[in-house]
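Engineer:
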Amino acid sequence: MPSQAEMFPIAVMASGRGSNLQAIIDEIEKENLSAQIKLVLSDKPDAGALKRAERYGIPAKVVERKHFPSREEFNSALADAIEASGVRLVCLAGFMRILSSDFISRFDGWVINIHPALLPSFPGLDAQKQALDYGVLVSGATVHFVDEGVDTGPIISQAVVNVEPHDTVETLSARILAKEHIIYPDAIRLISLGRITPGSGKRAQSASHF
Ligand code: GRF
Numbered sequence: 023m024p025s026q027a028e029m030f031p032i033a034v035m036a037s038g039r040g041s042n043l044q045a046i047i048d049e050i051e052k053e054n055l056s057a058q059i060k061l062v063l064s065d066k067p068d069a070g071a072l073k074r075a076e077r078y079g080i081p082a083k084v085v086e087r088k089h090f091p092s093r094e095e096f097n098s099a100l101a102d103a104i105e106a107s108g109v110r111l112v113c114l115a116g117f118m119r120i121l122s123s124d125f126i127s128r129f130d131g132w133v134i135n136i137h138p139a140l141l142p143s144f145p146g147l148d149a150q151k152q153a154l155d156y157g158v159l160v161s162g163a164t165v166h167f168v169d170e171g172v173d174t175g176p177i178i179s180q181a182v183v184n185v186e187p188h189d190t191v192e193t194l195s196a197r198i199l200a201k202e203h204i205i206y207p208d209a210i211r212l213i214s215l216g217r218i219t220p221g222s223g224k225r226a227q228s229a230s231h232f
């Protein structure tokens, strides 16, 4: 097992249940991913992700929007917390707020996100419902670098799922989520190995998972 000094230090930001956080933890525990989660940061004190962090002894912090007069001050408090943790990569995993460009530039673009659709289709909220409503026959998940837009940054990796005739938002979401849990830790691994960097361009270049 690599020493802690060799482990790629990351932060995970999550507002909800934290199943992607759990997938990252699981891959670290299985030694498939040589990373260390130095901080789980949430804007919701009741986020399931915080309970998961506690269970594994991972430092966690809550920064709530309501405690800050402006979005800028909220974003800079989030960035301060992350900077203090000394990480090289910020992983958004169901963090339900749009981060400012100041936040992203403080980490030189080393911020990634997972989205439950094949971007650039269906960005924003309720991606699985958008896909069903449109009537697409395939959908999936995308890991991408975060820029100042909503789900617009360079794509790192994607996984595809079929949309079945009787799919509901729940069944499609579950099938996509299973793929998310594979491609997110894998993308972190590729970044930790230096195979992908934020400067890789619009097509960040990685793997597709079919
Ligand atoms: C996932 O579907 C992810 O793609 C989206 O938010 C959801 C987070 O789920 N950005 P979880 O909290 O990781 O279980």
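In this note's numbering, the protein residues as written are 23 to 232.
Every residue, glycine too, gets a C-beta built ideally from N, C-alpha and C.
#1: Whose C-alpha, out of Thr174, Ser123, Arg77, is nearest the C-alpha of Leu140?
#2: Near Met29, which residues of its chain fall below 8 Å by C-beta distance, leaving aside the five closest residues on each side in sequence?
#3: Tell me, please, whether the stretch 151-162 touches the stretch 125-140 by the rule of three or more beta-carbon pairs shorter than 8 Å.
#4: Quick one: grab the DSSP three-state call for Ser179.
#5: With DSSP as the reference, identify every bridge partner of Thr164, one or two as the case may be.
#6: Whether or not the stretch 96-106 and the stretch 193-202 are in contact is what I'm after, with contact meaning three or more pairs of Cβ atoms, one per stretch, closer than 8 Å; do they touch?
#7: Relative to the alpha-carbon of Asp155, which residue among Glu105, Thr190, Ile50, Asp208 has its alpha-carbon at the smallest distance?
#8: First and last residue of the alpha helix (DSSP H) that includes Ile47?
#9: Measure the Cβ-Cβ separation of Ile80 and Pro207 and say whether it is below 8 Å.
#10: Would you call the CB atoms of Ala153 and Phe167 closer than 8 Å?
#11: When burial is assigned at 16 or more other CB atoms within 10 Å of the CB, is Pro91 buried or exposed?
#12: Say the cut is 7 Å; is the CB of Arg119 nearer than that to a heavy atom of the ligand GRF?
#13: If the criterion is Cβ atoms closer than 8 Å, does the pair Ala36 and Gly116 meet it?
#14: Just to confirm my understanding: we take Met118, look at its own chain, exclude 5 residues before and 5 after, and list those with CB closer than 6 Å. What are they?
#15: In the structure shown, what three-state DSSP assignment does Lys66 receive?
#16: On the DSSP bridge assignment, give the partners of Met35 in chain order.
#17: Since Ala82 sits in a beta bridge, which residues does DSSP pair it with?
#18: Beta carbon of Glu170, beta carbon of Ile126: below 8 Å?
#19: DSSP three-state call for Phe129: helix, strand or coil?
#20: Per the DSSP calculation, Ala57 is bridged to which residue(s)?
#21: Name the two residues that bound the continuous alpha helix (DSSP H) containing Pro207.
Structural biologist: With the structure as the only source:
#1: For this step, residue 140 is matched to residue 118 along the sequence shown. The option with the nearest alpha carbon to Leu140 is Thr174.
#2: Your numbering for residue 29 matches position 7 in the sequence shown. Correct list, in chain order: Ser56, Ala57, Gln58.
#3: yes
#4: Numbered from its first residue, the sequence shown carries residue 179 at position 157. Ser179 falls in the strand class under three-state DSSP.
#5: In the sequence shown, residue 164 corresponds to position 142, counting from 1. Answer by DSSP bridge pairing, in chain order: His137, Gln180.
#6: no
#7: In the sequence shown, counting from the first residue as 1, residue 155 sits at position 133. The option with the nearest alpha carbon to Asp155 is Thr190.
#8: Working through the sequence shown from its first residue, we reach residue 47 at position 25. Where Ile47 is concerned, the enclosing alpha helix (DSSP H) stretches over 41-51.
#9: Here residue 80 refers to the residue found at position 58 of the sequence shown. Here residue 207 refers to the residue found at position 185 of the sequence shown. Contact flag unset, no.
#10: Your numbering for residue 153 matches position 131 in the sequence shown. Your numbering for residue 167 matches position 145 in the sequence shown. Cβ distance not < 8 Å, so Ala153 and Phe167 don't count as in contact.
#11: Counted from its first residue, the sequence shown places residue 91 at position 69. Exposed is the call here.
#12: Position 97 of the sequence shown, counted from the start, is the residue given in the question as residue 119. Result no, Cβ not under 7 Å from the ligand GRF.
#13: Start at 1 with the first residue of the sequence shown, and residue 36 comes out as number 14. Start at 1 with the first residue of the sequence shown, and residue 116 comes out as number 94. Contact: yes.
#14: As a first step, residue 118 is located in the sequence shown; it is residue number 96 there, counting from the start. Ser37.
#15: For this step, residue 66 is matched to residue 44 along the sequence shown. Three-state DSSP puts Lys66 in coil, outside helix and strand.
#16: Sequence index remark: in the sequence shown, residue 35 carries index 13 (1-based). For Met35, which the question treats as bridged, DSSP gives the partners Leu63, Leu114.
#17: In the sequence shown, counting from the first residue as 1, residue 82 sits at position 60. DSSP, once it has assigned bridges, lists Val62 as partnering Ala82.
#18: Counting from one through the sequence shown, the residue named residue 170 turns up at place 148. Counting from one through the sequence shown, the residue named residue 126 turns up at place 104. Yes, they are a contact pair.
#19: What you label residue 129 is simply residue 107 of the sequence shown in a count that begins at 1. Coil.
#20: One-based indexing of the sequence shown puts residue 57 at position 35. Answer is Phe30, bridged to Ala57.
#21: Taking the sequence shown and counting its residues from 1, the one referred to as residue 207 is at position 185. Counting along the chain, the alpha helix (DSSP H) containing Pro207 begins and ends at 191-214.
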